[in-house]
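Position one of the sequence shown corresponds to residue 0 (numbering that gives the first Met the number 0), numbered consecutively onward.
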Amino acid sequence: MYDDESDDDDINYADHPFINTIWDHKPFSDIIVEMAIIFPVVVLGIFGNILIIHVLVHNPPMRTPTNLLIGNMAAADLLSLLIHPWVILTYDFFQNYQLGPIVCRGEAAVE
């Protein structure tokens, strides 16, 4: 199937045009619109999730199984809100991944 002894040095890749765009610049206006949408969602989401967690921690009668499930979802959502928007915006600004292996693993774990 594959010849281990084949040599790619004989192939001139300049003779074969690549039809896809390798580097695609997103217009700055699109990034501004995206930030204007993401910022209020993140701020309100962080505030709401912290409020839910605060109520569950400080009010023992509210610790029913259903409310604890909602609190668990609030904690997971809070973690997502603290990681994902910044990764998305970094990718939009730099057009490639700049955050390193630790953030890559953290983002994958949160997903």
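Beta carbons are placed, not taken as given, at the ideal position from N, Cα and C, and that holds for glycine.
Going by C-alpha positions, Val-41 is about 16 angstroms away from Glu-106.
Apart from the 5 residues on each side of it in sequence, Pro-84 sits with its Cβ closer than 7 angstroms to the Cβ of Ile-37 and Val-41 in its chain, given in chain order. Look at Asn-11 here: in three-state DSSP terms it is coil, with no helix or strand label. For Val-86, the closest of Ile-101, Met-61, Val-32 and Met-72 by C-alpha to C-alpha distance is Ile-101. DSSP places Met-34 inside the alpha helix (DSSP H), whose first and last residues are 27-57. In the assembly as shown, Leu-55 is a buried residue. Its beta-carbon has 16 or more other beta-carbons within 10 Å.
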